[in-house]
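Under the UniProt record's numbering, the first residue of the sequence shown is numbered 1, with each subsequent residue one higher.
Where is the CB? At the ideal position from N, CA and C, for every residue including glycine.
Input: a single structure, listed below in structure tokens.
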Amino acid sequence: MGNDGHGGGGRNTTTSSSTMWRWSAYGLYGQTVKYTFLITNVLSVVFSLITFSYGAWLYHNRSQYYELLAPSLYVDVCLIMMVISSLVVANSVIAVYSVLKELRCLIYSFSTASVILCFSLLIGGIMGLVFRQKLVQTPLHLKMNTSLKELYGLSDMTAITLAWDSLQREFRCCGVNGTEDFTIWRTSKWHMHHREPKPAFPQSCCVPERLAECVERSITMDKEMSNGIRPSMEQLAAEAAPTSAEAEASVAQNQQQLPADSSSSSSTIFMTNFTASEAAAFYTNTCYMPFRTDLLSVVHVAAWLSISCSFYLLVPAFFATFFAKLVKK
């Protein structure tokens, strides 16, 4: 009977020791938590690098328009994305070293830093959503009108001038919106102060491949509009369109290059692809809608990318904290 008692006690002790071992840093559960942390931490670094790359791209390609929107939050969002993502990568590298060396103090420091970085990145994402909401509600075209008419071309407003030139080249547009198309440039201080012969619009409105033709046409149009003549889009397309002989020659050339079964449709393809905006030597589309649509899109991506990344930072932090509790030091 006594032996059975000792045997039962020994089995209980063995079972208890086995359970404790499994829940130690070196047992099955401890090692599972450890490798789960390492995997989620790597994914966190990848996510952070994506966030950093998008923030850097957004800053490089859209920060020049800050002057047209000032005060603007989206540039601040870009900076937050880049700075916080960089800190996340550095923090993650330290965390891996801490877990592998089982340094509880550094592991807890990593978790605390992850929470702080999470809230910082979350604030950046919320700022992006706030900016996007303001962009929807604010009449952006009024700011664009003011900067174009009053500030473009002034010696102390170089940033505004560069922003407008970059905008028109990037989005292949000219003017602001609706009736305030390329003709709005003739109401600006830039046009007023420009010496003779005056162009109707700046060179950033010109198609780069046809710059010389565009500059000449711009001067001619300014003279015509000074006399009350405003060319229509149809007229501009007709002036820039190839002659019938040129069109026939182009169609014949296309027919020779295409297979026999597709030659019947080559003329149709050539003529239907020839639009007014492609025909003119300058951009006939206005800038407001493409610019606004682009900003709404890129800021939307930046905001939700920041928010998603911020919440994911808590996942490796949780597993690191759990593993630190299993380390008996």
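Here the alpha carbon of L167 sits roughly 8 Å from the alpha carbon of C287.
If you ignore the 5 residues before and after Y65, its C-beta comes within less than 7 Å of the C-beta of A163, L167, all in its own chain and listed in chain order. Fewer than three pairs of CB atoms, one per stretch, sit closer than 8 Å, so the stretch 170 to 184 makes no contact with the stretch 69 to 79. Secondary structure note for Q133: its alpha helix (DSSP H) is the uninterrupted segment 104 to 137. Under the DSSP assignment, I307 falls in the alpha helix (DSSP H) whose first and last residues are 288 to 312. Nearest to M221 by alpha-carbon distance, out of S111, C105, T183, is T183. If you ignore the 5 residues before and after C206, its C-beta comes within less than 6 Å of the C-beta of C214, F282, all in its own chain and listed in chain order. Under the three-state reduction of DSSP, C205 is assigned to helix. In this structure S306 is buried. Its beta-carbon is surrounded by 16 or more other beta-carbon atoms within 10 angstroms.
In the displayed model, E213 falls within a helix according to three-state DSSP. Sequence-distant Cβ neighbours of A317 in its own chain, meaning closer than 6 Å and more than five residues away, are S111, S114. By the neighbour-count criterion, in which 16 or more other beta carbons inside 10 Å mark a residue as buried, H191 falls on the buried side. In this structure, the alpha-carbon of R169 lies about 21 Å from that of K198.
A contact between stretches requires three or more CB pairs, one per stretch, nearer than 8 Å, and the stretch 87 to 94 meets this requirement with the stretch 33 to 48. Comparing alpha-carbon positions, the option among P202, G178, R132 lying closest to D165 turns out to be P202.
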